[in-house]
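Worksheet: the structure to be examined is printed underneath.
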Amino acid sequence: MPRRLITRRRLLAAGLAAVVTPPAVGGYAYEFAPFDVQYHDVPLPIRDLPDSFRGVRIAHLTDLHLSKIVPLEFLRDVVDRVNSDKPDFIVVTGDLVTDADIDYLEPAADLLARLRPLPIVSFGNHDYGVYRPPPGSQFPRQRWTIDVLTRLLEQRRITALRNAAFALQRGVDRVWLVGLDDLWGGYFRPENAFPRVIPGDRVIALSHNPDTAPMLDEPYKPDVILAGHTHGGQVRIPFYGALKLPVRNKQFDQGMFTLKHSRMYVSRGVGYLKHVRLFCPPEVPTFVLESA
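In this text, residue positions in the sequence shown follow our numbering: the first is 3, and each later residue adds one.
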(Lines of atoms letter the chains of each structure in order from A and count residues from 1; the text may use other names and numbers.)
(Lines give C-alpha, C1' and ligand atoms only; values in the text may rest on other atoms or scores of the structure.)
Protein backbone atom coordinates (compact mmCIF):
# COMPACT_ATOMS: atom_id res chain seq x y z
CA MET A 1 0.00 0.00 0.00
CA PRO A 2 1.45 3.41 -0.95
CA ARG A 3 2.55 5.70 1.88
CA ARG A 4 0.35 8.74 2.55
CA LEU A 5 2.21 12.02 2.49
CA ILE A 6 2.24 13.78 5.85
CA THR A 7 1.15 17.33 5.10
CA ARG A 8 0.48 20.30 7.36
CA ARG A 9 -3.20 20.02 6.52
CA ARG A 10 -3.34 16.37 7.59
CA LEU A 11 -1.44 17.11 10.78
CA LEU A 12 -3.85 19.96 11.51
CA ALA A 13 -6.85 17.73 10.81
CA ALA A 14 -5.50 15.05 13.10
CA GLY A 15 -4.81 17.58 15.83
CA LEU A 16 -8.26 19.13 15.43
CA ALA A 17 -9.89 15.72 15.70
CA ALA A 18 -7.97 15.05 18.87
CA VAL A 19 -9.16 18.37 20.32
CA VAL A 20 -12.82 18.51 19.35
CA THR A 21 -14.06 14.96 19.09
CA PRO A 22 -14.14 14.01 22.79
CA PRO A 23 -17.76 14.32 23.95
CA ALA A 24 -16.94 16.71 26.79
CA VAL A 25 -15.16 19.17 24.51
CA GLY A 26 -17.78 18.84 21.79
CA GLY A 27 -20.54 19.46 24.30
CA TYR A 28 -18.74 22.52 25.62
CA ALA A 29 -18.23 23.92 22.10
CA TYR A 30 -21.92 23.48 21.29
CA GLU A 31 -23.82 23.96 24.53
CA PHE A 32 -21.76 26.44 26.55
CA ALA A 33 -19.07 28.28 24.58
CA PRO A 34 -21.41 30.12 22.14
CA PHE A 35 -23.14 31.77 25.11
CA ASP A 36 -20.10 32.52 27.30
CA VAL A 37 -19.92 36.21 26.42
CA GLN A 38 -16.88 38.19 27.53
CA TYR A 39 -17.63 41.76 28.62
CA HIS A 40 -14.48 43.82 28.94
CA ASP A 41 -13.21 47.39 28.90
CA VAL A 42 -10.67 48.38 26.24
CA PRO A 43 -8.64 51.58 26.72
CA LEU A 44 -8.79 53.60 23.50
CA PRO A 45 -6.30 56.46 23.17
CA ILE A 46 -7.32 59.14 20.65
CA ARG A 47 -5.12 62.02 19.60
CA ASP A 48 -6.39 65.48 20.57
CA LEU A 49 -9.46 64.02 22.27
CA PRO A 50 -11.61 66.80 23.74
CA ASP A 51 -11.37 66.90 27.53
CA SER A 52 -15.10 66.30 27.93
CA PHE A 53 -14.76 62.92 26.19
CA ARG A 54 -12.03 61.58 28.45
CA GLY A 55 -13.36 58.53 30.27
CA VAL A 56 -16.40 58.23 27.99
CA ARG A 57 -17.41 54.59 27.53
CA ILE A 58 -18.69 53.28 24.18
CA ALA A 59 -20.09 49.73 24.11
CA HIS A 60 -19.69 47.89 20.81
CA LEU A 61 -22.16 45.22 19.73
CA THR A 62 -21.80 43.38 16.44
CA ASP A 63 -22.90 40.23 14.62
CA LEU A 64 -25.99 39.48 16.68
CA HIS A 65 -27.30 37.16 13.94
CA LEU A 66 -30.78 36.85 15.39
CA SER A 67 -32.16 33.73 13.69
CA LYS A 68 -33.67 30.35 14.32
CA ILE A 69 -30.34 29.14 15.76
CA VAL A 70 -29.34 32.25 17.76
CA PRO A 71 -32.02 32.54 20.48
CA LEU A 72 -33.75 35.84 21.13
CA GLU A 73 -33.61 35.09 24.88
CA PHE A 74 -29.80 34.90 24.73
CA LEU A 75 -29.55 38.22 22.91
CA ARG A 76 -31.95 39.85 25.37
CA ASP A 77 -29.66 38.76 28.19
CA VAL A 78 -26.73 40.37 26.35
CA VAL A 79 -28.67 43.61 25.92
CA ASP A 80 -29.68 43.62 29.59
CA ARG A 81 -26.06 43.09 30.65
CA VAL A 82 -24.87 45.94 28.42
CA ASN A 83 -27.53 48.19 29.93
CA SER A 84 -26.42 47.26 33.43
CA ASP A 85 -22.90 48.49 32.63
CA LYS A 86 -24.35 51.95 31.84
CA PRO A 87 -22.20 52.95 28.86
CA ASP A 88 -22.31 56.55 27.66
CA PHE A 89 -22.93 55.48 24.06
CA ILE A 90 -23.64 52.21 22.22
CA VAL A 91 -22.73 51.35 18.64
CA VAL A 92 -23.76 48.32 16.58
CA THR A 93 -21.80 47.30 13.47
CA GLY A 94 -24.10 45.05 11.51
CA ASP A 95 -25.38 41.54 10.91
CA LEU A 96 -28.37 42.10 13.14
CA VAL A 97 -30.01 39.09 11.47
CA THR A 98 -28.88 36.21 9.25
CA ASP A 99 -29.50 36.30 5.49
CA ALA A 100 -31.99 39.19 5.87
CA ASP A 101 -34.63 36.77 7.18
CA ILE A 102 -37.84 38.82 7.12
CA ASP A 103 -39.22 36.93 10.13
CA TYR A 104 -36.51 38.47 12.31
CA LEU A 105 -36.30 42.07 11.08
CA GLU A 106 -38.90 43.47 13.50
CA PRO A 107 -37.70 41.35 16.48
CA ALA A 108 -34.17 42.63 15.82
CA ALA A 109 -35.38 46.24 15.83
CA ASP A 110 -37.31 45.62 19.06
CA LEU A 111 -34.21 44.06 20.59
CA LEU A 112 -32.04 47.09 19.85
CA ALA A 113 -34.78 49.38 21.15
CA ARG A 114 -34.18 47.83 24.59
CA LEU A 115 -30.68 49.32 24.72
CA ARG A 116 -30.05 52.39 26.87
CA PRO A 117 -28.98 54.72 25.52
CA LEU A 118 -30.43 53.90 22.12
CA PRO A 119 -27.65 52.72 19.82
CA ILE A 120 -26.17 54.12 16.63
CA VAL A 121 -26.27 51.35 14.01
CA SER A 122 -24.49 50.48 10.78
CA PHE A 123 -25.18 47.37 8.72
CA GLY A 124 -23.46 44.17 7.60
CA ASN A 125 -23.66 41.80 4.65
CA HIS A 126 -26.31 39.55 6.23
CA ASP A 127 -28.59 42.53 6.72
CA TYR A 128 -28.57 42.72 2.90
CA GLY A 129 -29.11 39.00 2.44
CA VAL A 130 -25.59 38.53 1.07
CA TYR A 131 -23.80 35.44 2.38
CA ARG A 132 -20.66 35.89 0.27
CA PRO A 133 -19.38 38.49 -2.22
CA PRO A 134 -21.83 38.37 -5.16
CA PRO A 135 -19.92 37.19 -8.27
CA GLY A 136 -19.92 39.51 -11.25
CA SER A 137 -22.02 42.21 -9.60
CA GLN A 138 -21.62 44.79 -6.89
CA PHE A 139 -25.33 44.77 -6.07
CA PRO A 140 -26.99 42.50 -3.49
CA ARG A 141 -29.93 40.22 -4.06
CA GLN A 142 -32.28 41.75 -1.50
CA ARG A 143 -31.70 45.46 -1.09
CA TRP A 144 -35.33 46.00 -0.07
CA THR A 145 -34.73 44.23 3.26
CA ILE A 146 -32.19 46.81 4.36
CA ASP A 147 -34.71 49.57 3.60
CA VAL A 148 -37.28 47.78 5.76
CA LEU A 149 -34.78 47.29 8.58
CA THR A 150 -33.71 50.93 8.41
CA ARG A 151 -37.33 52.08 8.63
CA LEU A 152 -38.04 49.77 11.58
CA LEU A 153 -35.06 51.16 13.48
CA GLU A 154 -35.95 54.77 12.72
CA GLN A 155 -39.52 54.15 13.90
CA ARG A 156 -37.94 53.25 17.25
CA ARG A 157 -35.82 56.45 17.22
CA ILE A 158 -32.64 54.47 16.57
CA THR A 159 -30.08 56.21 14.36
CA ALA A 160 -29.09 54.09 11.35
CA LEU A 161 -26.02 55.29 9.45
CA ARG A 162 -25.67 54.29 5.81
CA ASN A 163 -22.65 56.17 4.46
CA ALA A 164 -23.50 58.95 6.87
CA ALA A 165 -22.00 60.79 9.82
CA PHE A 166 -23.41 61.49 13.28
CA ALA A 167 -21.91 63.74 15.96
CA LEU A 168 -21.69 62.53 19.55
CA GLN A 169 -22.05 65.68 21.66
CA ARG A 170 -20.78 66.52 25.11
CA GLY A 171 -21.36 70.20 25.68
CA VAL A 172 -19.73 72.06 22.80
CA ASP A 173 -17.39 69.16 22.00
CA ARG A 174 -17.92 66.50 19.31
CA VAL A 175 -16.64 63.09 18.31
CA TRP A 176 -18.00 61.88 14.98
CA LEU A 177 -19.33 58.44 14.15
CA VAL A 178 -19.10 57.65 10.45
CA GLY A 179 -21.26 54.62 9.60
CA LEU A 180 -20.45 52.86 6.33
CA ASP A 181 -22.66 50.59 4.28
CA ASP A 182 -21.38 47.04 3.95
CA LEU A 183 -18.61 46.17 1.49
CA TRP A 184 -20.19 42.91 0.25
CA GLY A 185 -23.57 44.57 0.01
CA GLY A 186 -22.18 46.72 -2.79
CA TYR A 187 -23.01 50.15 -1.35
CA PHE A 188 -19.82 50.97 0.61
CA ARG A 189 -19.39 54.68 -0.15
CA PRO A 190 -16.98 56.42 2.25
CA GLU A 191 -16.76 59.33 -0.19
CA ASN A 192 -20.38 60.13 0.67
CA ALA A 193 -19.87 60.02 4.44
CA PHE A 194 -16.54 61.60 5.41
CA PRO A 195 -17.13 65.01 3.78
CA ARG A 196 -19.91 65.54 6.34
CA VAL A 197 -17.35 65.57 9.17
CA ILE A 198 -16.03 68.93 10.37
CA PRO A 199 -12.30 69.03 9.52
CA GLY A 200 -10.06 68.57 12.54
CA ASP A 201 -12.68 66.74 14.63
CA ARG A 202 -12.06 63.20 15.96
CA VAL A 203 -13.66 60.36 13.99
CA ILE A 204 -14.70 56.79 14.81
CA ALA A 205 -15.69 54.79 11.71
CA LEU A 206 -18.23 51.97 11.95
CA SER A 207 -17.51 49.48 9.16
CA HIS A 208 -18.70 45.90 9.41
CA ASN A 209 -16.05 44.24 7.25
CA PRO A 210 -12.40 44.75 8.29
CA ASP A 211 -11.33 44.39 4.65
CA THR A 212 -12.43 48.02 4.34
CA ALA A 213 -9.58 49.16 6.61
CA PRO A 214 -7.11 49.99 3.80
CA MET A 215 -9.81 51.96 1.97
CA LEU A 216 -10.58 54.00 5.11
CA ASP A 217 -7.06 54.46 6.49
CA GLU A 218 -6.13 56.16 3.21
CA PRO A 219 -7.25 58.81 2.42
CA TYR A 220 -9.78 59.42 5.22
CA LYS A 221 -7.58 58.75 8.27
CA PRO A 222 -10.25 58.06 10.91
CA ASP A 223 -8.88 57.84 14.43
CA VAL A 224 -10.55 54.47 15.03
CA ILE A 225 -12.33 51.83 12.94
CA LEU A 226 -14.76 49.46 14.68
CA ALA A 227 -15.52 46.26 12.78
CA GLY A 228 -16.86 42.73 13.19
CA HIS A 229 -17.77 40.19 10.49
CA THR A 230 -15.06 37.59 11.24
CA HIS A 231 -16.56 36.18 14.46
CA GLY A 232 -12.87 35.63 15.27
CA GLY A 233 -13.22 32.48 13.20
CA GLN A 234 -15.58 30.89 15.79
CA VAL A 235 -13.23 27.88 16.04
CA ARG A 236 -9.58 28.61 16.81
CA ILE A 237 -6.78 26.13 17.35
CA PRO A 238 -4.08 26.98 19.92
CA PHE A 239 -0.80 28.05 18.26
CA TYR A 240 -2.51 28.08 14.86
CA GLY A 241 -5.45 30.49 14.98
CA ALA A 242 -8.75 30.54 13.12
CA LEU A 243 -9.54 27.67 10.77
CA LYS A 244 -11.60 29.91 8.46
CA LEU A 245 -12.05 33.66 8.08
CA PRO A 246 -14.40 35.42 5.61
CA VAL A 247 -11.90 38.16 4.75
CA ARG A 248 -9.11 38.68 2.23
CA ASN A 249 -6.81 40.23 4.82
CA LYS A 250 -6.44 37.18 7.06
CA GLN A 251 -4.44 39.10 9.65
CA PHE A 252 -7.58 41.05 10.58
CA ASP A 253 -9.07 38.23 12.63
CA GLN A 254 -9.80 39.69 16.07
CA GLY A 255 -8.64 42.38 18.44
CA MET A 256 -6.77 45.65 17.98
CA PHE A 257 -4.69 46.52 14.94
CA THR A 258 -2.47 49.54 14.25
CA LEU A 259 -2.68 50.89 10.71
CA LYS A 260 -0.71 53.73 9.15
CA HIS A 261 -3.09 56.45 10.34
CA SER A 262 -5.80 54.63 12.29
CA ARG A 263 -6.40 51.94 14.84
CA MET A 264 -8.94 49.19 14.18
CA TYR A 265 -10.70 46.85 16.59
CA VAL A 266 -12.25 43.69 15.14
CA SER A 267 -14.78 42.24 17.58
CA ARG A 268 -15.56 38.52 17.70
CA GLY A 269 -19.21 39.55 18.00
CA VAL A 270 -22.07 37.99 19.87
CA GLY A 271 -23.90 35.57 17.59
CA TYR A 272 -22.83 32.84 15.19
CA LEU A 273 -23.60 31.22 11.86
CA LYS A 274 -22.72 27.68 12.91
CA HIS A 275 -23.76 26.69 16.41
CA VAL A 276 -20.23 26.21 17.68
CA ARG A 277 -17.39 28.18 19.25
CA LEU A 278 -14.08 26.87 20.49
CA PHE A 279 -11.27 28.94 21.99
CA CYS A 280 -13.12 31.95 20.55
CA PRO A 281 -15.72 33.29 22.99
CA PRO A 282 -18.28 35.90 21.96
CA GLU A 283 -17.52 39.38 23.23
CA VAL A 284 -18.87 42.84 23.90
CA PRO A 285 -15.97 45.29 24.22
CA THR A 286 -16.56 48.69 25.83
CA PHE A 287 -14.07 51.30 24.73
CA VAL A 288 -12.88 53.79 27.33
CA LEU A 289 -11.73 56.93 25.56
CA GLU A 290 -8.53 58.58 26.68
CA SER A 291 -6.15 61.16 25.25
CA ALA A 292 -3.22 59.76 23.30
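Every residue gets a Cβ at the ideal spot worked out from N, C-alpha and C, and that includes glycine.
Item	Value
Measure from the alpha carbon of LYS223 to the alpha carbon of each residue in MET266, GLY230, PRO284, TYR41, then state which is nearest.	MET266
According to the neighbour-count rule (16 or more other Cβ atoms, all chains shown, within 10 Å of its Cβ), is ALA61 buried or exposed?	buried
Compute the minimum distance between the beta carbon of VAL150 and the heavy atoms of the ligand GTP, and state whether it is under 7 Å.	The ligand GTP is not part of this structure, which contains no ligands at all.
Any idea what DSSP makes of HIS128, helix, strand or coil?	helix
Return helix, strand or coil for GLN171, following the three-state DSSP convention.	strand
With a Cβ-Cβ cutoff of 8 Å, do VAL93 and HIS128 count as a contact?	no
Measuring straight from C-alpha to C-alpha, what distance separates LYS252 and LYS246?	9 Å
Determine, using beta-carbon pairs with one atom in the segment 179-195 and one in the segment 203-219, whether at least three such pairs fall under 8 Å.	yes
Please report the straight-line C-alpha distance between VAL249 and ASP255, rounded to a whole angstrom.	8 Å
Can you tell me where the beta strand (DSSP E) with GLU40 in it begins and where it stops?	Correcting the residue identity first, residue 40 is Gln in this sequence and not Glu. Taken as a continuous stretch (DSSP letters only), the beta strand (DSSP E) holding GLN40 covers 40-48.
Compare the Cα-Cα distances from ARG153 to each of LEU107, ARG279, LEU74, HIS42 and report the closest residue.	LEU107
In chain order, which continuous runs of the alpha helix (DSSP H) of length 4 or greater are located wholly inside the segment 208-286?	215-219
DSSP three-state call for LEU68: helix, strand or coil?	strand
Beta-carbon within less than 6 Å of LEU163's beta-carbon, same chain only, minus the 5 sequence neighbours each way: which residues are those?	SER124, GLY181
When the Cα of PHE259 is compared with those of LEU228, ARG172, VAL237, which residue comes out closest?	LEU228
Report, in whole angstroms, the separation of the C-beta atoms of LEU114 and ILE160, which I expect to be a contact under 8 Å.	6 Å
Under 6 Å Cβ to Cβ from VAL72, same chain only, skipping five residues before and after it: list those, please.	GLY273
Output needed for ARG116: all residues of its chain with C-beta closer than 8 Å, excluding positions within five of it in sequence on either side, in chain order.	ARG78, VAL81, ASP82, ASN85
Thinking C-alpha only, which one of GLN157, GLY257, GLY230, ASN165 is nearest ARG191?	ASN165
Please list the terminal residues of the continuous alpha helix (DSSP H) segment that includes ARG296.	An answer regarding residue 296 cannot be provided, because it is not within the stretch 3 to 294 covered by the chain.
Taking DSSP as the reference, what is the three-state secondary structure of VAL177?	strand
Any idea what DSSP makes of ILE122, helix, strand or coil?	strand
Cutting at 7 Å between CB atoms, please list the residues of its own chain near GLN236, excluding the five before and the five after it.	TYR274, LYS276, VAL278, ARG279, CYS282
Quick check on this structure: which residue in PHE241, SER54, VAL177, ASP43 has the alpha carbon closest to the alpha carbon of VAL226?	VAL177
In angstroms with no decimal places, state the Cα-to-Cα distance between ALA195 and GLY29.	45 Å
Whole-angstrom Cβ separation of ASN211 and HIS233, contact assumed at under 8 Å?	Their Cβ separation, rounded to whole angstroms, is 12 Å, which puts ASN211 and HIS233 out of contact at 8 Å.
Can you give me the C-alpha to C-alpha distance between GLY1 and ARG238, rounded to a whole angstrom?	Nothing can be reported for residue 1, as the shown portion of the chain is limited to 3 through 294.
What residues are listed by DSSP as bridge partners for ILE60?	PHE91, PHE289
Give a yes or no on whether the C-beta atoms belonging to PHE289 and LEU170 are separated by under 8 Å.	no
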